[in-house]
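In the numbering used here, each number is its position in the sequence shown, counted from 1, plus 5.
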Amino acid sequence: MKTPIRRRTLAGAAALTTAALLLAGCTGTTGDQTIAETAPTELEGTVSFWHFFSDREADVIQSVIDDFEAANPKVTVDVHSGQDDEKLRKAIASGSDVDLGLSYSTDIVGNFCDSGAFRDLGPYIERDDVDLTQFSDTVRSYTEYNGVRCSMPVLADVYGLYYNTDLLSAAGYTEPPKTLSELEEMALKLTTYNADGSIKTLGFNPQMGFYENAASHYGPLAGATWLNDDGTSAVGSDPAWVELMTWQKSFVDEIGYDKLNAFTSGLGQEFSADNAFQTGQVAMNLDGEYRTAFIDDQTPDLHYATAPMPTADDHTDLYGAGYITGNIAGISKGSKNPELAWALLKYLTTNTDAIVKLSNGLKNVPTTADALASPDLEVTDQFATFLKIVADPNSGTTPPSPNGAGYQQSFEDFWHQYQSGDVPDLAAGLKDIDQQIDDATALTTGP
């Protein structure tokens with residue numbers, strides 16, 4: 006099964022925060038690193054590479070590793086597949102043999118850079134004259150923290166709107182919505198009901214927590230900010246969040262919170278062939294580019310198209326943008342062969358042929374300009390949408406924090422309460438969330 010780059014649950018975020026606190030307490034910053042003045046002319050030795058992919062996707066990774074070994078016949082890459090972020094954190098903290106680690110989450114970057122769990126790559130980048138302008142500002146932003154670039158981007162996930170062209174056409178629509186008001190209006194028209202009043206098909210599910218409906222994925226639709234320049238929470242002071250939350254709750258209320266709960270509880274699992282968009286139970290859906298691979302594999306006869314997510318009505322200038330996140334990789338603080346680890350990392354993240362091969366196999370978006378422009382990149386009309394979104398200067402991401410994903414989860418938990426009607430005073434609630442986030446960040450970074 007395809008493992009999407011970013012999946013966030015309460016348990017996952019809690020593990021992230023716990024691991025951040027653990028690493029903050031047991032590691033220090035990397036300090037000065039001594040590296041050779043020039044890169045080795047010939048690579049030799051064994052390098053340990055940990056990544057989270059499994060099954061078919063692990064085979065794709067291995068095929069690129071095989072290419073690296075073929076180009077460097079004196080190098081052996083010891084591959085540890087199926088290693089999720091929690092296993093990677095524990096291995097690094099315990100001093101296990103990890104040279105290079107590949108993570109599915111940009112949320113670890115803040116803590117791993119701050120604590121030194123991943124080494125500062127700056128000296129290697131400067132020595133080898135790596136062209137960082139190949140990466141967009143957004144991609145560069147999620148691979149560094151507080152001036153330390155401890156990771157490099159491998160591939161990206163980009164989020165947009167999927168829509169069932171047959172259902173929209175039957176309702177008289179020839180184009181997807183471009184504003185949130187249009188999205189709601191079209192979704193309500195596309196929603197049908199059973200004789201007992203329960204939902205039969207849904208135009209769009211506005212519930213926070215449904216599949217990829219996450220605060221992080223909605224933020225770019227109104228240009229919302231997460232953190233202030235000093236690292237404190239901005240969610241309570243940025244009116245864009247209030248705008249998004251009030252629109253979303255009004256949409257939920259229009260259909261009915263209980264009705265939506267009942268409908269959603271009967272839908273198929275997100276990453277199965279019973280995904281509600283793939284079965285036609287939901288006409289429009291927020292999702293990542295990887296959904297194109299699921300549809301090709303599981304429901305190839307589905308008639309659908311993709312587009313950027315609609316924007317807030319007063320932010321139409323942002324249309325075309327979206328949320329971006331990605332796989333990141335870094336060299337472990339305990340690496341026994343950092344030069345080999347850097348050579349492999351540089352190959353995976355800057356070699357155009359390697360990036361294109363990974364993208365074609367995994368169906369994630371390349372992160373370098375050269376790979377995006379490569380004639381060898383396999384691009385369908387539906388996938389092309391996400392290439393445009395990743396290139397849009399208004400696309401955004403979630404900023405790295407030493408508290409990992411904790412600040413996002415605190416806000417999202419609050420949003421769940423708000424949509425259910427359990428928050429009597431939104432402004433006061435957001436102020437409390439700001440304090441919770443700031444307190445957790447202070448605990449993570451404190452002495």
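The beta carbon of each residue, even a glycine, is placed where N, CA and C say it ideally should be.
Limits of the alpha helix (DSSP H) - the one that residue 423 falls within: In the DSSP assignment, residue 423 falls within the alpha helix (DSSP H) that extends over 411 to 424.
Residue 276 in three-state terms, based on DSSP: The answer is coil: DSSP assigns residue 276 none of H, G, I, E or B.
Given 8 Å, three or more beta-carbon pairs between the segment 436 to 443 and the segment 415 to 426: Per the Cβ contact rule, the segment 436 to 443 is in contact with the segment 415 to 426 (3 or more Cβ pairs under 8 Å).
Rounded separation between residue 101 and residue 113 - CA only: The alpha-carbon atoms of residue 101 and residue 113 are separated by roughly 18 Å.
Straight-line gap, residue 209 to residue 396 (C-alpha atoms, nearest Å): So the two alpha carbons sit approximately 26 Å from each other.
Buried or exposed by the 16-neighbour rule on C-beta atoms within 10 Å, applied to residue 343: Label assigned to residue 343: buried.
Between the CA atoms of residue 213 and residue 422 - distance to the nearest angstrom: Their backbone Cα atoms lie some 10 Å apart in a straight line.
Straight-line gap, residue 333 to residue 291 (C-alpha atoms, nearest Å): Near 23 Å, if we compare the C-alpha coordinates of residue 291 and residue 333.
Cβ-Cβ distance between residue 57 and residue 83 below 9 Å: No, Cβ-Cβ distance for residue 57 and residue 83 is not below 9 Å.
Where the alpha helix (DSSP H) through residue 352 begins and ends: Residue 352 -> alpha helix (DSSP H) spans 343 to 355.
Option in 403, 66 and 434 with minimal Cα separation from residue 236: Ranking the options by Cα distance to residue 236, first place goes to 403.
Length at least 3, wholly inside the segment 196 to 247: the beta strand (DSSP E) runs in chain order: Taken in chain order, the complete beta strand (DSSP E) segments of 3 or more residues contained in the segment 196 to 247 are 204 to 209.
Residue 165 (DSSP reduced to helix, strand or coil): For residue 165, the secondary structure class from DSSP, reduced to helix, strand or coil, is strand.
Three-state secondary structure (DSSP) of residue 124: The DSSP-derived three-state label of residue 124 is coil.
Cα-Cα separation, residue 228 to residue 41: Straight-line Cα distance between these residues: approximately 43 Å.
Length of the line joining the Cα atoms of residue 405 and residue 150: Straight-line Cα distance between these residues: approximately 6 Å.
Reduced DSSP secondary structure (H/G/I, E/B, other) of residue 33: Low local confidence applies: a pLDDT of 39 at residue 33 is under 50, so the model's placement there is unreliable, and no value is given.
Beta carbon of residue 454 nearer than 9 Å to that of residue 407: Residue 454 lies beyond the range of the chain shown here (6 to 452); nothing can be said about it.
Beta-bridge partners of residue 310, as assigned by DSSP: According to DSSP, residue 310 bridges with 168.
Expected contact under 8 Å - CB spacing of residue 165 and residue 289 to nearest Å: Contact doesn't hold; Cβ gap of about 11 Å is too wide.
8 Å Cβ shell around residue 197 - same chain, five flanking residues per side excluded: So the qualifying residues of the chain are 204, 205 and 206.
Buried versus exposed call for residue 192 [16 or more other C-beta atoms within 10 Å across all chains shown]: The residue is buried, with at least 16 neighbouring Cβ atoms inside 10 Å.
Buried or exposed by the 16-neighbour rule on C-beta atoms within 10 Å, applied to residue 308: The residue in question, residue 308, is exposed, as its Cβ has fewer than 16 Cβ neighbours within 10 Å.
Straight-line Cα distance separating residue 426 from residue 259: Those two C-alpha atoms are separated by around 13 Å.
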